[in-house]
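Residue numbers (UniProt numbering): 1 to 248. Everything below concerns the one structure shown next.
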């Protein structure tokens with residue numbers, strides 16, 4: 001079952017402030033609350049309109065809250081002179097401007113298609129929720145990690161130290177959360193952490209959902225060993241009805 005949460009169109013914060021509209025300001029706050037309450041968010045943008053700063057702010061909120069997302073390009077029929085490359089070029093532009101949601105699928109919608117467009121969004125949202133709730137076995141996960149390490153080892157520090165990954169496990173879903181147990185988390189720079197996330201997505205998928213990667217030093221793991229199983233068990237939420245926010 002789906003529970004749909006529709007929101008009013010959100011104008012730029014500058015426009016809201018200049019108008020002094022209490023109603024508009026409240027609609028903005030309600031939209032952000034809807035994102036927080038939802039499992040999957042459909043971020044709706046108009047095909048002929050430029051992606052605004054406000055769109056980017058919403059995208060940031062979606063990623064921060066760990067929500068699934070699909071980008072719905074509305075009024076696709078208004079794009080003139082479309083050809084086979086139009087969708088590809090348009091997607092490149094959207095990916096460039098909304099890099100924080102580079103994992104979100106893009107769905108093209110038209111008023112002409114009517115119910116068919118609605119069904120496309122629902123089907124895409126359902127697929128995103130499945131990815132958001134998916135678990136990888138520890139064996140498959142560590143195989144992916146080993147291949148990533150073999151292709152590109154962690155860099156050495158000036159002192160000659162190099163990061164070592166002992167093993168990895170998936171600790172939670174919604175969003176998928178992975179814990180890397182390593183010799184020293186400080187030995188893994190941000191560039192390498194992004195590389196590992198990219199490899200996880202390339203080899204294991206998870207389209208439509210942010211993923212979280214936690215890096216735990218071995219010493220810290222050993223100190224907290226008695227508490228680790230309990231804390232990890234509490235990370236997995238119970239099954240619940242999926243809520244989908246449609247944000248424009």
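Think of the CB as a built atom: it goes at the ideal place given N, C-alpha and C, for glycine as much as any other residue. Please read these numbers as outputs of a predicted model, since none were measured by experiment.
Beta-carbon proximity of residue i to residue j, cut-off 9 Å
{"i": "residue 154", "j": "residue 165", "result": "yes"}
{"i": "residue 182", "j": "residue 170", "result": "no"}
{"i": "residue 207", "j": "residue 113", "result": "no"}
{"i": "residue 6", "j": "residue 129", "result": "no"}
{"i": "residue 173", "j": "residue 134", "result": "yes"}
{"i": "residue 184", "j": "residue 212", "result": "no"}
Exposure label - residue i; buried when at least 16 CB within 10 Å
{"i": "residue 109", "result": "buried"}
{"i": "residue 177", "result": "buried"}
{"i": "residue 132", "result": "buried"}
{"i": "residue 42", "result": "buried"}
{"i": "residue 104", "result": "buried"}
{"i": "residue 121", "result": "buried"}
{"i": "residue 49", "result": "exposed"}
{"i": "residue 136", "result": "buried"}
{"i": "residue 102", "result": "exposed"}
{"i": "residue 237", "result": "At residue 237, the pLDDT of 37 sits below 50, so the modelled position is not reliable and the matter cannot be decided from this model."}
{"i": "residue 68", "result": "buried"}
{"i": "residue 125", "result": "buried"}
Contacting residues, own chain, Cβ-Cβ under 6 Å from residue i (five flanking each side not counted)
{"i": "residue 66", "result": "175, 210"}
{"i": "residue 30", "result": "none"}
{"i": "residue 77", "result": "110, 112"}
{"i": "residue 97", "result": "51"}
{"i": "residue 203", "result": "144"}
{"i": "residue 221", "result": "Because the pLDDT at residue 221 is just 48, under 50, the model does not fix this residue reliably, and the value given afterwards should be weighed accordingly. Cβ neighbours of residue 221 beyond the five flanking positions: 181."}
{"i": "residue 223", "result": "Any reading at residue 223 needs caution, since the residue's pLDDT is 48, under 50, leaving its predicted position unreliable; the model's value is listed next. If we look at residue 223 and ignore the five residues flanking it on each side, it has no Cβ neighbours."}
Neighbourhood of residue i by C-beta, 8 Å cutoff - its chain only, sequence neighbours within 5 removed
{"i": "residue 94", "result": "45, 51, 71, 73, 106"}
{"i": "residue 216", "result": "179, 180, 181, 182, 185"}
Whole-angstrom C-beta distance between residue j and residue i, which should lie under 8 Å
{"i": "residue 200", "j": "residue 144", "result": "6 Å"}
{"i": "residue 163", "j": "residue 187", "result": "4 Å"}
{"i": "residue 75", "j": "residue 34", "result": "About 22 Å separates the two Cβ atoms, so there is no contact after all."}
{"i": "residue 139", "j": "residue 100", "result": "About 32 Å separates the two Cβ atoms, so there is no contact after all."}
Own chain partners of residue i with C-beta closer than 7 Å, once the 5 adjacent residues on each side are dropped
{"i": "residue 148", "result": "196, 199"}
{"i": "residue 117", "result": "109, 110"}
{"i": "residue 92", "result": "none"}
{"i": "residue 240", "result": "Confidence in residue 240 is poor, its pLDDT being 46 and thus under 50, which makes the residue's placement too unreliable to answer from."}
{"i": "residue 192", "result": "154, 155"}
{"i": "residue 32", "result": "61"}
{"i": "residue 157", "result": "187"}
{"i": "residue 151", "result": "none"}
Residue i - DSSP class collapsed to helix/strand/coil
{"i": "residue 104", "result": "coil"}
{"i": "residue 122", "result": "helix"}
{"i": "residue 170", "result": "strand"}
{"i": "residue 29", "result": "helix"}
{"i": "residue 214", "result": "strand"}
{"i": "residue 6", "result": "strand"}
{"i": "residue 71", "result": "strand"}
{"i": "residue 36", "result": "helix"}
{"i": "residue 181", "result": "strand"}
{"i": "residue 58", "result": "helix"}
{"i": "residue 87", "result": "helix"}
{"i": "residue 51", "result": "coil"}
{"i": "residue 43", "result": "strand"}
{"i": "residue 95", "result": "helix"}
{"i": "residue 156", "result": "strand"}
Proximity test, residue i beta-carbon vs the ligand ZN heavy atom, cut-off 8 Å
{"i": "residue 54", "result": "What this structure holds is no ligand at all, so the ligand ZN is not there to describe."}
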